[in-house]
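Data first, discussion second: the structure below is written as structure tokens.
2 protein chains.
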Amino acid sequence: MMRYQAIVSYDGFAYGGWQKQTNTNAIQEEIENVLLKINGYDTPIIASGRTDAKVHAKGQVFHFDSDRILDDFHFTRAMNSLLPSDIRIQHVYQTSDDFHARFDAFGKRYDYLVTNDIKNPFYERYMGKEWKTLDISMMQECAQVFLGEHDFTSFTSNKIDPRKPRVKTIRKLEVIAHQDHIQMIFIGTGFLRYMVRMIAQTLIEAGKHRITKQQIQDMLNAKDKHACRYKADPQGLYLIEVFYNEEDYLKG
Amino acid sequence: MMRYQAIVSYDGFAYGGWQKQTNTNAIQEEIENVLLKINGYDTPIIASGRTDAKVHAKGQVFHFDSDRILDDFHFTRAMNSLLPSDIRIQHVYQTSDDFHARFDAFGKRYDYLVTNDIKNPFYERYMGKEWKTLDISMMQECAQVFLGEHDFTSFTSNKIDPRKPRVKTIRKLEVIAHQDHIQMIFIGTGFLRYMVRMIAQTLIEAGKHRITKQQIQDMLNAKDKHACRYKADPQGLYLIEVFYNEEDYLKG
Numbered sequence: 001m002m003r004y005q006a007i008v009s010y011d012g013f014a015y016g017g018w019q020k021q022t023n024t025n026a027i028q029e030e031i032e033n034v035l036l037k038i039n040g041y042d043t044p045i046i047a048s049g050r051t052d053a054k055v056h057a058k059g060q061v062f063h064f065d066s067d068r069i070l071d072d073f074h075f076t077r078a079m080n081s082l083l084p085s086d087i088r089i090q091h092v093y094q095t096s097d098d099f100h101a102r103f104d105a106f107g108k109r110y111d112y113l114v115t116n117d118i119k120n121p122f123y124e125r126y127m128g129k130e131w132k133t134l135d136i137s138m139m140q141e142c143a144q145v146f147l148g149e150h151d152f153t154s155f156t157s158n159k160i161d162p163r164k165p166r167v168k169t170i171r172k173l174e175v176i177a178h179q180d181h182i183q184m185i186f187i188g189t190g191f192l193r194y195m196v197r198m199i200a201q202t203l204i205e206a207g208k209h210r211i212t213k214q215q216i217q218d219m220l221n222a223k224d225k226h227a228c229r230y231k232a233d234p235q236g237l238y239l240i241e242v243f244y245n246e247e248d249y250l251k252g
Numbered sequence: 001m002m003r004y005q006a007i008v009s010y011d012g013f014a015y016g017g018w019q020k021q022t023n024t025n026a027i028q029e030e031i032e033n034v035l036l037k038i039n040g041y042d043t044p045i046i047a048s049g050r051t052d053a054k055v056h057a058k059g060q061v062f063h064f065d066s067d068r069i070l071d072d073f074h075f076t077r078a079m080n081s082l083l084p085s086d087i088r089i090q091h092v093y094q095t096s097d098d099f100h101a102r103f104d105a106f107g108k109r110y111d112y113l114v115t116n117d118i119k120n121p122f123y124e125r126y127m128g129k130e131w132k133t134l135d136i137s138m139m140q141e142c143a144q145v146f147l148g149e150h151d152f153t154s155f156t157s158n159k160i161d162p163r164k165p166r167v168k169t170i171r172k173l174e175v176i177a178h179q180d181h182i183q184m185i186f187i188g189t190g191f192l193r194y195m196v197r198m199i200a201q202t203l204i205e206a207g208k209h210r211i212t213k214q215q216i217q218d219m220l221n222a223k224d225k226h227a228c229r230y231k232a233d234p235q236g237l238y239l240i241e242v243f244y245n246e247e248d249y250l251k252g
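The listed protein sequences derive, respectively, from chains A and B. Quick note on numbering: the first sequence equals residues 1 to 252 in the UniProt record's numbering. Quick note on numbering: the second sequence equals residues 1 to 252 in the UniProt record's numbering.
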């Protein structure tokens, strides 16, 4: 048996998430079905973390064990020939026996995209949509509130396990204006469920002048799961990269 | 009764084309269903021309008659609130009673996109995919063959009505290299069925050095419906704009 590490991109719009959440297919299930065909036995895979329904990934990472000896090119080709075309393996290579895609993750990068171009059908599956013009400098100013180590209880799902730690560090939160959309880049040691989408929508509300920097600061300080009622649509969210060492995390 | 002219964009991947061709929905049908709801009576629409299954449009034009008096903003909003989100009306406004979206069209622009980034799941629905690296200057050189007025019998469907004229003028055929894909821009007085996709794939084959400029010239000269056996995948094709006067056509 050898342990393999794989990087996968997916257009998540048609899926119920990494793990089955709704009546639709799960991405994990699609990949495990393919590995069953290639290996001839059940091959569970473990990801760096789950992504929700409709959420995309450019660099999701998972690991699994296989007795196949295949190089990156041939293993990738074999998997992609069997996978649906909206799930594409980028690389799959042998790693050390004790590598763990979730426990060894040092940090992650997520991007959130939102557009004012609400009549563009090509953005429908790939961005959040916003009618109002957004004040970018206000969004950039408010993003500062989230930098550093904080208890993010106010910016996560109500249903989260109360025993789980909710202190996370956000190293970078950039708001960049492109020609027809806004990109928010989140780099941190870890993200709670819905955390990126709740912060993204909070910044969008700030960009509409519906909420002030002080109110956002108060929300964060409250450490109250009912403090924030904003959550951006899932199709604007992308898991861009998982970092497995501090150096990559700090460069990211 | 007033005549209205509308511009519509659609992500055509999920559809069987402008008109019903397969077991899937037709874009025309979706729009007519919405106009039936708004007007309260059957409202047939007439487009500048059909697009095939999976083909996209950024600026398809159609006309229809209605006794509603609505301005662009409100009519667009009413239609978009009822349409599926992959079909978006850009504008709809009153026009002269004798305007005809098909007969009055002076010319059209189509783009074809093809990528080498075959492992990118986000391009799956929106570009042709090509494993081999393409020689852009060869493609640009071969594109010259098609410029001007020609009988395009060799570059259209076998099933085309033999009585229909097959002489068309291509004013512009540009091949542009972008960071991760190639864009081919076609501007002409009209395009036969499959013509853009057949020329696009012929240029892709030239880019792979599978066919020479002279062979392409011979194909065109043959005026034989069996001369060209190439046809690019539909999801890379976009109807960009329909021109209704010579000035716009020459600027396009």
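Backbone N, C-alpha and C define an ideal beta-carbon position, used for all residues, glycine too. Bear in mind that the values here come from a model prediction, so they are computed numbers and not experimental data.
Since residue i meets chain C, which of its residues come closer than 8 Å, beta carbon to beta carbon?
| i | result |
| --- | --- |
| A:S137 | Structure shown: chain C not included; protein chains present are A and B. |
If the cut is a Cβ gap below 7 Å, which residues of chain A does residue i touch?
| i | result |
| --- | --- |
| B:D52 | Those do not exist, as B:D52 stays about 17 Å from chain A at its closest Cβ, beyond 7 Å. |
Using beta-carbon positions only, say whether residue i and residue j come within less than 7 Å of one another.
| i | j | result |
| --- | --- | --- |
| A:E124 | B:S85 | yes |
| B:N76 | B:V55 | It is worth fixing the name first, because residue 76 of chain B is Thr in this sequence and not Asn. In this structure, B:V55 does not lie closer than 7 Å to B:T76 by Cβ. |
| A:G17 | A:M127 | no |
| B:Y10 | B:I87 | yes |
| B:S48 | B:A6 | no |
| B:A57 | B:L239 | yes |
| B:A232 | B:Q201 | yes |
| A:I216 | A:V145 | yes |
| residue 280 of chain B | B:K208 | Within the shown structure, residues of chain B are numbered from 1 to 252, placing residue 280 of chain B beyond reach of any answer. |
| A:E241 | A:G59 | yes |
| B:N33 | B:S66 | no |
| B:Y194 | B:S157 | yes |
| B:I27 | B:Y15 | yes |
| B:I46 | B:H74 | no |
| B:V196 | B:M139 | no |
| A:P234 | A:D52 | yes |
| B:R50 | B:Q19 | yes |
| B:A206 | B:C142 | yes |
| A:I170 | A:L147 | yes |
| B:F103 | B:R3 | no |
Is residue i close to chain B, meaning its C-beta is less than 7 Å from at least one C-beta of that chain?
| i | result |
| --- | --- |
| A:Y10 | yes |
Mind listing the chain B neighbours of residue i? Cutoff is C-beta to C-beta under 9 Å, in chain order.
| i | result |
| --- | --- |
| A:D86 | P121, F122, E124, R125 |
Give the residues of chain A in contact with residue i, contact being defined as C-beta atoms less than 8 Å apart.
| i | result |
| --- | --- |
| B:Q90 | K119 |
Where the stretch 98-124 of chain B meets chain A: residues whose CB sits under 9 Å from a CB there = Of all residues in the stretch 98-124 of chain B, only I118, K119, N120, P121, F122, E124 place a beta-carbon less than 9 Å from a beta-carbon of chain A.
Between the stretch 177-186 of chain B and the stretch 103-120 of chain B, are three or more C-beta pairs nearer than 8 Å?
-> Yes, the stretch 177-186 of chain B is in contact with the stretch 103-120 of chain B.
Pull out every residue of the stretch 69-81 of chain A whose Cβ sits closer than 9 Å to any Cβ of chain B, in chain order.
-> Considering only beta carbons, the part of the stretch 69-81 of chain A lying closer than 9 Å to chain B consists of T76, N80, in chain order.
Could you tell me whether the stretch 185-192 of chain A touches the stretch 98-108 of chain A, where touching means 3 or more Cβ pairs closer than 8 Å?
-> The answer is yes - the stretch 98-108 of chain A touches the stretch 185-192 of chain A, with three or more Cβ pairs under 8 Å.
Between the stretch 213-228 of chain A and the stretch 137-155 of chain A, do three or more beta carbon pairs fall short of 8 Å?
-> These segments touch.
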